[in-house]
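Undergrad: I'd like to ask some things about the structure below.
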Amino acid sequence: MYDLIVVGGGPAGLAAANSAWQKGLKNILIVERDKELGGILNQCIHNGFGLHRFKEELTGPEYAARFIEMLKDTGVSVLLDTMVLEINDRHEVHVISAQNGYQVLQAKSIVLSMGCRERTRGAIGIPGERPAGVFTAGSAQRYLNLEGYMVGKRVVILGSGDIGLIMARRMTLEGAQVLACVELMPYSGGLMRNIVQCLQDWNIPLYLSHTITDIRAENGRVSHVTVHKLDENRQPIPGTNLEFDCDTVLLSVGLIPENELTRAAGIEMDPRTNGAVVYENMETSVPGIFACGNVVHVHDLVDYVSAESERAGAAAAEFVLKGQREGKALELKNGADVSYTVPQKIRADDVGKAADVFFRVRRVFKNSVIEVHDGEKLLASFKREHMAPGEMEHILLPRKILDSAQGGQITISAREA
Amino acid sequence: MKELVCIVCPKGCRLHVDDENGFTVTGNSCPRGAEYGKNEIQNPTRVLTSTVRLSGGAYRRCPVKTEKAVPKGKLLDIMKELNHVEVASPVSIGQVVLTNAAGTGVNVVVTKSL
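Just so you know, the sequences run in chain order A and B. Residue 1363 in our numbering sits at position 163 of the first sequence, and the numbers go up by one each step. Residue 98 in our numbering sits at position 25 of the second sequence, and the numbers go up by one each step.
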C-alpha cells in the first residue's frame, strides 16, 4: 500500500511528490510512461524557465534537473516506461510495463499530473490535401531537439501559441526559412516576450486575424499554403489571399489537458478548462484524488505549475495523515470577460489566510479591474495595468472575504477601470 | 527616437528610446525597462540555446546554451560553429563544449546530463 501514487513524472508530478515527502509521506511512487523524468521540459531546450522559482533563467532540462536532484534526497520511488491504464475511486492504480506486466497498485491518495497534449489538424479542420509535412509544433520540437531530425526547410506556422513562436526561432537558427506565423485571433496567443525574441528578432511576419484556407501537395509532401485575412465573423475575405510555397506547416493551435484517466474514474470535469473540477487544495470531486499542472488547466509558466503542484502534494499528505477536509464549499463562477477559474470550489473553513485563484480573461485589457461579487455585492477588487488571454491571471482571496460571502457562490469578472 | 516592446516581464511596455539624446527611455514602468531599452538599442544581446551531436547517449542530440547573453549579430555565427561540435556520453550539466564562441569570449555549455 502506497501513501501516494503520482501519475506522471513531468514538472507537476515531480513537485507534487517532493512536497508530499517534505510534508511527511514516506511511501510515494511516481509512475512515468517515458524512459526518463522531466516530461515536456526535456525537449524545451530554450531558456526563460525558473525566473520566479529560482530567480534565474534556466533552460527546460536545467529546470527539470533541479527537481530531479531534489527527489534524489528523498525516498520517493519511480517506475519509468510504465503506463497507467486506469484509476478508480478506491484509489487503485492499474499500470502496465514491459518489465513488470500488468499490476494493480493500491494507494491511500493519488495525484493526477498527466499534463496536456496538442490540438491537431483534425481538431481544427484545415481544408486542403492531407500530405506529409504537417506537424504539431511540439512534435517538430521533439524531432529536432531530441531525435535530431530537421522537419523542413520552408515553414509556415499556424497559431501564435508559445510553442509555435519558440519553434519559429529554433527552425530559423537551424537554417530553415520561416515564411509566416498566422494567427486566427486579432491578438497573439503567446507571451509578448516571445513575439519579440522569436519573431521580430528574425523578421518573421505575424499575420493576425488570418488563417490557412488551403494546403496543397506535390509528391505527397506539402508544397503550397494559402492564407486569407478574416472578417469580424472569422470568415475569409475574398481577394485577401497570401500564397506561400513551403514544405512544412507547424500547428500551434492550443493544448488540451490529457484527462482520459480522470473521466474514466468518474471525476467531475469542468468543460471550461477540460480539466477536473478542483477545490482550494487541488482535490478533485473524489476524496483523496488530487490534480495539478496542465492536466487541470493549461499554464504559461512552469514556475506556476510547480507552485500549484506543491500545494497538491501537501494536500495529499494532509489527506493521508489528518483525513478529509469537511468544510462547506463556496462555488466560484466566471463573470464578464473571465473564461474560467481554478479552483472552482473553495472550502473557506479550510483556507488559512487566503486562497489562490487563477483564471484567464477573454480579451486584451489596458487599465482594468478584476472584481469579486457575491450576487450584487462587491466583495473585492484588484487593479491591473495589463491583461491578455495569453497570460494567466492570479488573485489572492483573503479568508475574511470568503467568509463574508452569503450566497454559496462568488463571481470573478473583469472590466476597464 | 526608436520604439520597442520591453521583454523583461509579461507586461510588454511600449518603450521610446531617444537615440540622439543619451538613449533616454520613456514609456517604461520600472527601472529594469529603462536598462533593457538602453541596451537593446546600443548592443542587443540574447542567450543562445541549441543542440550538438551526441554519441552513445539515450538521444542523438545534447542540449547546450551560451553561458551568458551574446550580441544578437553573433547568434548565427555561433550556430555555424556548433555544427562541428560532437560530444560523447556521459556529459554533465555545465560541461564546456565550445570555448570563446565566435570570438565573443563566451563559452557554450551542456544543459542536460546525458
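Built from N, CA and C at the ideal position, the CB exists for glycine as well. Nothing here was measured: the structure is a model prediction, and the numbers come from that model.
1. Please state whether the Cβ-Cβ distance between E1458 (chain A) and R1253 (chain A) is less than 8 angstroms.
2. How should D1362 (chain A) be labelled, buried or exposed, when 16 other C-beta atoms within 10 angstroms of its C-beta is the threshold for buried?
3. Under the three-state reduction of DSSP, which class applies to C1398 (chain A): helix, strand or coil?
4. Please confirm if the segment 1438 to 1457 of chain A is in contact with the segment 1331 to 1343 of chain A, defined as three or more CB-CB distances below 8 angstroms between the two stretches.
5. Taking only three categories from DSSP, how would you classify G1523 (chain A)?
6. Using only alpha-carbon positions, find the residue among A:R1342, A:H1410, A:E1460 and A:Q1609 that is nearest to Q1243 (chain A).
7. Mind checking if A131 (chain B) is an interface residue toward chain A, Cβ cutoff 8 angstroms exclusive?
8. How big is the Cα-Cα spacing for L1461 (chain A) and C79 (chain B)?
9. Can you name the residues of chain B whose CB is closer than 8 angstroms to the CB of N1247 (chain A)?
10. Answer yes or no: does any C-beta atom of chain A fall closer than 8 angstroms to that of V78 (chain B)?
11. Return the residue from the list B:M152, B:H89 and B:D92 that minimises the CA-CA distance to V137 (chain B).
12. Can you check whether the C-beta of V1351 (chain A) is within less than 8 angstroms of a C-beta belonging to chain B?
13. Going by DSSP, what residues sit across from L1346 (chain A) in a beta bridge?
14. Output, in sequence order along the chain, the residues in the segment 168 to 184 of chain B whose CB is closer than 8 angstroms to any CB in chain A.
15. If you compare alpha carbons, which of A:A1220, A:G1260, A:V1542 and A:P1543 is closest to G1238 (chain A)?
16. Would you identify the three-state DSSP class for Y1202 (chain A), choosing helix, strand or coil?
17. On the three-state DSSP scale, how would you describe R1421 (chain A)?
18. Starting from the beta carbon of G1348 (chain A), find every residue of chain B whose beta carbon is closer than 8 angstroms, and list them in chain order.
19. Could you run through the segment 1380 to 1407 of chain A and flag, in chain order, every residue whose CB is less than 9 angstroms away from some CB of chain B?
20. 8 angstroms is my cut-off, CB to CB: does G110 (chain B) come that close to chain A?
21. So, is the C-beta of A1507 (chain A) closer than 8 angstroms to a C-beta in chain B?
22. Tell me, please, whether the CB atom of G85 (chain B) is closer than 8 angstroms to any CB atom in chain A?
23. Report the neighbours of K75 (chain B) on chain A: residues whose CB is nearer than 9 angstroms to its CB, in chain order.
24. How would you call C135 (chain B), buried or exposed, if buried means at least 16 neighbouring beta carbons within 10 angstroms?
25. How is P1211 (chain A) classed by DSSP in three states: helix, strand or coil?
26. With DSSP collapsed to three states, give me the class of L1501 (chain A).
27. The alpha helix (DSSP H) spanning Q115 (chain B) covers which residue range?
28. With a cut-off of 8 angstroms, does the C-beta of K147 (chain B) fall near any C-beta of chain A?
29. Between which two residues does the beta strand (DSSP E) holding A1464 (chain A) run?
30. Does the Cβ-Cβ distance between V1295 (chain A) and M1283 (chain A) come in under 8 angstroms?
31. On the criterion of 16 or more Cβ atoms from any shown chain inside 10 Å, does S1568 (chain A) qualify as buried, or is it exposed?
32. For T99 (chain B), name the three-state secondary structure that DSSP assigns.
33. Which whole-angstrom value is the C-beta distance of A1580 (chain A) and I1601 (chain A), which I expect to be below 8 angstroms?
34. Is any heavy atom of the ligand MN found at a distance shorter than 7 angstroms from the C-beta of M1314 (chain A)?
35. Could you list the residues in the segment 1257 to 1268 of chain A with a C-beta less than 9 angstroms from some C-beta on chain B, going in chain order?
36. Between the segment 1576 to 1609 of chain A and chain B, which residues of the former have a C-beta closer than 8 angstroms to a C-beta of the latter?
TA: For this structure:
1. Cβ distance not < 8 angstroms, so E1458 (chain A) and R1253 (chain A) don't count as in contact.
2. buried
3. helix
4. yes
5. G1523 (chain A) sits in coil when the DSSP states are folded into three classes, being neither helix nor strand.
6. A:R1342
7. For A131 (chain B), at least one C-beta of chain A is nearer than 8 angstroms to its own C-beta.
8. 42 angstroms
9. V120, T122 and K138
10. For V78 (chain B), a Cβ of chain A is located within less than 8 angstroms of the residue's own Cβ.
11. Minimum Cα distance to V137 (chain B) is reached at B:M152.
12. Closer than 8 angstroms: no.
13. Answer by DSSP bridge pairing: none, since L1346 (chain A) is not bridged.
14. Listed in chain order, the positions of the segment 168 to 184 of chain B with a beta carbon within less than 8 angstroms of a beta carbon of chain A are T184.
15. A:G1260
16. strand
17. strand
18. T124, R126, Y132, R133 and R134
19. L1391, M1392, R1393, N1394, I1395, V1396, Q1397, Q1400 and D1401
20. no
21. no
22. yes
23. Here the premise fails: no neighbours, minimum Cβ distance about 13 angstroms.
24. buried
25. DSSP, reduced to helix, strand and coil, places P1211 (chain A) within a helical segment of the structure shown.
26. coil
27. P104 to Q115
28. no
29. Looking at the DSSP string, A1464 (chain A) is not in any beta strand (DSSP E); the run it does join, the alpha helix (DSSP H), is E1460 to A1464.
30. yes
31. Buried, since its Cβ has 16 or more Cβ neighbours within 10 Å.
32. strand
33. 5 angstroms
34. You won't find the ligand MN in this model; it holds no ligand whatsoever.
35. E1257, L1258, T1259, G1260, P1261, E1262, A1264 and A1265
36. E1585, H1586 and E1591
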